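Note that the protein sequences, when read in sequence, are chains A and B. Each residue of the first sequence is one higher than the one before, counting from 5 in my numbering. Each residue of the second sequence is one higher than the one before, counting from 5 in my numbering. As structure tokens, the structure follows; a few thoughts come after it.
2 protein chains.
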Amino acid sequence: MKPPKAFTDLRQLSTEIHQLCSVQSLLHWDQETYMPSGGIVPRSEQIALLSELIHERRTGRKLKSCLEKLVSISTGKLKVKHLTKPQQIMVREWLKDFRRHNKLPAEFVKNFSQVTAEATQIWGSAKKENNFKIFAPFLDKIVKLTRQKAEYYGFEEHPYDALIETYEPCMTARKLETIFDGLKKELMALLKKINKAKQIDNRFLHRKVDAAKQHEMGELLLCELPMESAYTRLDVSNHPFSIALHPHDSRITTRIIPNQFMSNLFSILHEAGHSMFEMGLSLETWGTPLSEPVSLSVHESQSRWWETLIGRSFPFWKHFYPRLQKVLPTQLKEVSLDRFFRAINKVSPTLIRVEADEVTYCLHVILRFELEKDLITGKLNVHDLPAAWNEKMKQIFGIQPKTDREGCLQDIHWSLGDFGYFPTYALGNLLAAHLFTAFAKENSDWESQMQSGDLSFIRDWLKKNVHQWGRTYNLEELAKHVTGKPFSEHAYCAYLKKKYSEIYKIR
Amino acid sequence: MKPPKAFTDLRQLSTEIHQLCSVQSLLHWDQETYMPSGGIVPRSEQIALLSELIHERRTGRKLKSCLEKLVSISTGKLKVKHLTKPQQIMVREWLKDFRRHNKLPAEFVKNFSQVTAEATQIWGSAKKENNFKIFAPFLDKIVKLTRQKAEYYGFEEHPYDALIETYEPCMTARKLETIFDGLKKELMALLKKINKAKQIDNRFLHRKVDAAKQHEMGELLLCELPMESAYTRLDVSNHPFSIALHPHDSRITTRIIPNQFMSNLFSILHEAGHSMFEMGLSLETWGTPLSEPVSLSVHESQSRWWETLIGRSFPFWKHFYPRLQKVLPTQLKEVSLDRFFRAINKVSPTLIRVEADEVTYCLHVILRFELEKDLITGKLNVHDLPAAWNEKMKQIFGIQPKTDREGCLQDIHWSLGDFGYFPTYALGNLLAAHLFTAFAKENSDWESQMQSGDLSFIRDWLKKNVHQWGRTYNLEELAKHVTGKPFSEHAYCAYLKKKYSEIYKIR
Chain A
5 MKPPKAFTDL
15 RQLSTEIHQL
25 CSVQSLLHWD
35 QETYMPSGGI
45 VPRSEQIALL
55 SELIHERRTG
65 RKLKSCLEKL
75 VSISTGKLKV
85 KHLTKPQQIM
95 VREWLKDFRR
105 HNKLPAEFVK
115 NFSQVTAEAT
125 QIWGSAKKEN
135 NFKIFAPFLD
145 KIVKLTRQKA
155 EYYGFEEHPY
165 DALIETYEPC
175 MTARKLETIF
185 DGLKKELMAL
195 LKKINKAKQI
205 DNRFLHRKVD
215 AAKQHEMGEL
225 LLCELPMESA
235 YTRLDVSNHP
245 FSIALHPHDS
255 RITTRIIPNQ
265 FMSNLFSILH
275 EAGHSMFEMG
285 LSLETWGTPL
295 SEPVSLSVHE
305 SQSRWWETLI
315 GRSFPFWKHF
325 YPRLQKVLPT
335 QLKEVSLDRF
345 FRAINKVSPT
355 LIRVEADEVT
365 YCLHVILRFE
375 LEKDLITGKL
385 NVHDLPAAWN
395 EKMKQIFGIQ
405 PKTDREGCLQ
415 DIHWSLGDFG
425 YFPTYALGNL
435 LAAHLFTAFA
445 KENSDWESQM
455 QSGDLSFIRD
465 WLKKNVHQWG
475 RTYNLEELAK
485 HVTGKPFSEH
495 AYCAYLKKKY
505 SEIYKIR
Chain B
5 MKPPKAFTDL
15 RQLSTEIHQL
25 CSVQSLLHWD
35 QETYMPSGGI
45 VPRSEQIALL
55 SELIHERRTG
65 RKLKSCLEKL
75 VSISTGKLKV
85 KHLTKPQQIM
95 VREWLKDFRR
105 HNKLPAEFVK
115 NFSQVTAEAT
125 QIWGSAKKEN
135 NFKIFAPFLD
145 KIVKLTRQKA
155 EYYGFEEHPY
165 DALIETYEPC
175 MTARKLETIF
185 DGLKKELMAL
195 LKKINKAKQI
205 DNRFLHRKVD
215 AAKQHEMGEL
225 LLCELPMESA
235 YTRLDVSNHP
245 FSIALHPHDS
255 RITTRIIPNQ
265 FMSNLFSILH
275 EAGHSMFEMG
285 LSLETWGTPL
295 SEPVSLSVHE
305 SQSRWWETLI
315 GRSFPFWKHF
325 YPRLQKVLPT
335 QLKEVSLDRF
345 FRAINKVSPT
355 LIRVEADEVT
365 YCLHVILRFE
375 LEKDLITGKL
385 NVHDLPAAWN
395 EKMKQIFGIQ
405 PKTDREGCLQ
415 DIHWSLGDFG
425 YFPTYALGNL
435 LAAHLFTAFA
445 KENSDWESQM
455 QSGDLSFIRD
465 WLKKNVHQWG
475 RTYNLEELAK
485 HVTGKPFSEH
495 AYCAYLKKKY
505 SEIYKIR
């Protein structure tokens, strides 16, 4: 049966919005890769114009009038019959977006983006000069605006719920607290054991590798990954990122640091994971919520899957390491696979989140979660942030930054007004490990299969179990759907304990 | 005095249209340079969407209602006082655009673009297979649609007038005939003399140069040109092009053919000429007609200026040749400057327009002009085009193509429906030489200045005399304004006669 006209109209409008978002993505991609430096001012204006066009369509009368014909905007009850199940999900998600996009007054959105644009500049200077004081008044303004934002969005229990919803629709502060408390305990216990074990020497990973060699390594790795080369490309940028215009045009970047050549490879694995997710979204429903990643956490589960569960696993390197050795004979000729594998999995508390290993990474996230929650409620004053940060670092990691640059100024997120974003980094890790239990059960020979070098069975599994669903399931539903078990931190903790007990020979 | 609100509103709308055009330009640039091949289908849809948004704004009620408050749409008489001269020119050009954009019915535009999109594909196959017959029915359809287009636009004397107006607003078929008849006579006479002189041996220009060396050559040349490096970049594409998003983001591409290394350098000079024009447009009036290139011919005058008048001149190579020799020692070490200079200026009839020298180039254009005019009037039937083409080749050049691939199928333009475009290639050459007379008069020491290697005085002159005007003057007005003399073919003919008499030692 043909869907009603309001449905096809809405679908067309939704596709147009997606196309405009794709165009905007290209503007961002170009800005980070090839744009002449002088092009920045007109580029900001182009991006602002696209934002406006997108916002107009998302909140406009046309969308509302189509939506109203299909569903009650207040109750969410469908007004039309004969919609297929996938079509019903589209309507459900369109409604969710419409409600959310209409909650913030245009004036507020404009003000928020002006304040954060300036704050991001100031944060850059503050970090460079290691001067928290110049950033503090801006952060204070952002915190206040963020509280207001939470009010606009509305919440039942905690203002933080309204913030996290943007990035992870099914989460709340309370749920996060439960998960993170358990996780924190387990990770700190594991870290304590590792700290007592004999430490790994990974100094050979800091041997210098020039840009040309690093390009060669990167292309070699990309060829090993089960991605269609016609749908992607690899470039270099200051910060690695992935950006998808469409399942058939999904690009990644990496960064090149001469004395940290593994950073290049892990960045590629991470971004390729994001990219494969976007490539695996449904082509037939492209332009609708069924072909959109459901949340940042689910996205992150895919990048961390490839970066850590695969990319830091022994079977992966069993196949790839001899190939890497050929490209880097000077650096790796005398290093055995076993020594290399242990080196890339060295666990050691760091001051910087993005340099953290698998065991400590989520602890960095939890630290930020605890602090930003307190900033939002007012329990923590912006001016006391550096001290609170350092105190928590000491409690959790046993180390303290000497400068705010390596402390509370290290991440850009708060200057962008992205409160509620950090937890998704941890949730992604937990979900990846949670899903992996089902993968390993269905593919009991995954380790020997991987050693053959053909990784396509992994992507096929992910496509079928994760990528194809788009926004059909939220994180919790997806976790349950794939594994039969409710989402929790248990799988991740079990994975880490098993892996690092072996590596550090602890029990 | 502050301009009326309708004026500022219109200016804002005009700027928005320009920004959307810039975004569309980036989509094209990316498609030709870095886009993954699989991205072509979504890219076409993105470009189509942008076209629609641009067309909506150009023909929409908002623009019309602002315009109506400023000027009578039928008579062009201004309704408001106190507009400055530049503001009056903006209104004049906005009106011109509005009238033109409203002349073609939306249905016709859609049909035209569908037919030409398919025809371009078919032309590609026809050229590859050297099979004019499969292209003929499409060309026939395009010719009929183009006649209809001329009717929609309207014309007084000749349907061709309506077509050329898109590309060169001040030209008509009659004016072109007068200019081209004189030009043809002079060029054929000069060619005859050259054909009798001793031919130049330029075989060393076909020595192989690998891609890495060609990149090095390209970057070396780019550094010599008086362009701000922060506002431009050089990439490689199948066909060289230039694309400007803004005066501060104006990019060029070149192509690399191993045994034609000079093609790389001349492409860069050509595209840099286009690019410097765009960089020289006014920043203050960006987004209005005052900061738009007035026509394709004027644009082409700038590219040919740098490619030929400068780039094939002796003083330029006096400075640059020793530098090039250093990059290409194997290929050029034993070649003297004098021999090199004569080689890059070798004149010899070719079958292919884009490979033509300065003397024969315009003859290729005139051939196309004569044929397309006859196609439009119906004097020439599409099925007789190959024979007519070959006949004209014989008359003008004394050579004939063995295949249509090297004959009437060589250029993409007609498949795109671009009738009236070719003449601008010739007009650009004529205008460049015409303007150069004034430049040389004002800079009597230009030859010795150029030999020093600093070319910025040339760009400064062009900026002041050409670039800054935007659409203030049309081609004829600009020619008169700069030189005091009416536009004609004389300067170009005089330039060629002087230069090639010396090179070929004829009189």
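Think of the CB as a built atom: it goes at the ideal place given N, C-alpha and C, for glycine as much as any other residue. As the structure is a prediction and not an experimental result, all values here were calculated from the model.
Spatial distance of residue i from residue j (CA atoms)
i, j, result
"Phe184 of chain A", "Leu434 of chain A", "10 Å"
"Leu379 of chain B", "Glu220 of chain A", "54 Å"
"Trp393 of chain A", "His417 of chain A", "15 Å"
"Ile478 of chain A", "Val298 of chain A", "This sequence places Asn at residue 478 of chain A; Ile is not what is there. In a straight line, the C-alpha of Asn478 of chain A is about 6 Å away from that of Val298 of chain A."
"Ser317 of chain B", "Asp361 of chain B", "13 Å"
"Ala430 of chain A", "Gln335 of chain A", "33 Å"
"Gln152 of chain A", "Asn115 of chain A", "12 Å"
"Leu194 of chain B", "Ser305 of chain B", "22 Å"
"Asn447 of chain B", "Lys501 of chain B", "21 Å"
"Asp449 of chain B", "Leu269 of chain B", "25 Å"
"Gln91 of chain A", "Glu296 of chain A", "14 Å"
"Gln329 of chain A", "Ile261 of chain A", "18 Å"
"Tyr171 of chain A", "Gly432 of chain A", "12 Å"
"His278 of chain B", "Gln35 of chain A", "23 Å"
"Asn106 of chain A", "Gly315 of chain A", "41 Å"
Closest residue to residue i among the options (Cα-Cα distance)
i, options, result
"Lys100 of chain A", "A:Glu506, A:Arg475, A:Cys497", "A:Arg475"
"Glu480 of chain A", "A:Ile261, A:Met175, A:Phe136", "A:Met175"
"Arg103 of chain A", "A:Gly128, A:Leu71, A:Gln118, A:Lys83", "A:Leu71"
"Arg346 of chain A", "A:Leu332, A:Pro319, A:Leu149", "A:Pro319"
"Ala391 of chain B", "B:Thr381, B:Gly402, B:Asp408", "B:Asp408"
"Ile146 of chain A", "A:Arg96, A:Ser505, A:Gly421, A:Thr441", "A:Gly421"
"Trp465 of chain B", "B:Glu155, B:Ala444, B:Lys137, B:His387", "B:Ala444"
"Met192 of chain A", "A:Gln125, A:Phe281, A:Tyr365, A:Thr257", "A:Tyr365"
"Glu311 of chain A", "A:Thr292, A:Asp388, A:Thr258, A:Pro262", "A:Thr258"
"Leu53 of chain B", "A:Tyr38, A:Leu67, A:Leu17, A:Val45", "A:Leu17"
"His438 of chain A", "A:Glu493, A:Asp253, A:Asn242", "A:Glu493"
Collapsed DSSP secondary structure at residue i in the structure displayed
i, result
"Thr381 of chain B", "helix"
"Gly391 of chain B", "For the record, residue 391 of chain B in the displayed sequence is Ala; it is not Gly. In this structure, Ala391 of chain B counts as helix in the three-state DSSP scheme."
"Asp101 of chain B", "helix"
"Ala248 of chain A", "strand"
"His239 of chain B", "It should be noted that the sequence gives Asp, not His, for residue 239 of chain B. Of the three classes helix, strand and coil, the one that applies to Asp239 of chain B here is strand, per DSSP."
"Val351 of chain B", "coil"
"Ser254 of chain A", "strand"
"Leu459 of chain B", "coil"
"Leu82 of chain B", "strand"
"Val95 of chain A", "helix"
"Val298 of chain A", "coil"
"Val75 of chain B", "strand"
"Trp290 of chain A", "coil"
"Met39 of chain A", "coil"
"Thr150 of chain B", "helix"
"Leu482 of chain A", "helix"
Terminal residues of the alpha helix (DSSP H) in which residue i lies
i, result
"Leu273 of chain A", "265-283"
"Ala193 of chain B", "177-200"
"Gln453 of chain A", "450-455"
"Leu225 of chain B", "215-228"
"Ser117 of chain B", "110-133"
"Asp165 of chain A", "163-171"
Bounding residues of the beta strand (DSSP E) (the contiguous stretch that carries residue i)
i, result
"Asp205 of chain A", "From DSSP, Asp205 of chain A is part of no beta strand (DSSP E); its letter is neither H nor E."
TODO: Assess, as a yes-or-no matter, whether the region 196-205 of chain B is touched by the region 344-357 of chain B under the definition of 3 or more beta carbon pairs within less than 8 Å.
DONE: Yes: at least three Cβ pairs fall under 8 Å.
TODO: Report yes or no: do three or more beta-carbon pairs, one from the region 407-423 of chain A and one from the region 276-295 of chain A, lie closer than 8 Å?
DONE: The answer is no - the region 276-295 of chain A does not touch the region 407-423 of chain A, with fewer than three Cβ pairs under 8 Å.
Open item on the list: Check whether the region 46-61 of chain B and the region 9-25 of chain B touch, using three or more Cβ-Cβ pairs below 8 Å as the test.
Closed with: Output reads yes: the region 9-25 of chain B touches the region 46-61 of chain B.
Task: Meets three-Cβ-pair contact criterion under 8 Å: the region 43-53 of chain A and the region 241-252 of chain B - done: Under the Cβ criterion (8 Å, minimum of three pairs), the region 43-53 of chain A counts as touching the region 241-252 of chain B.
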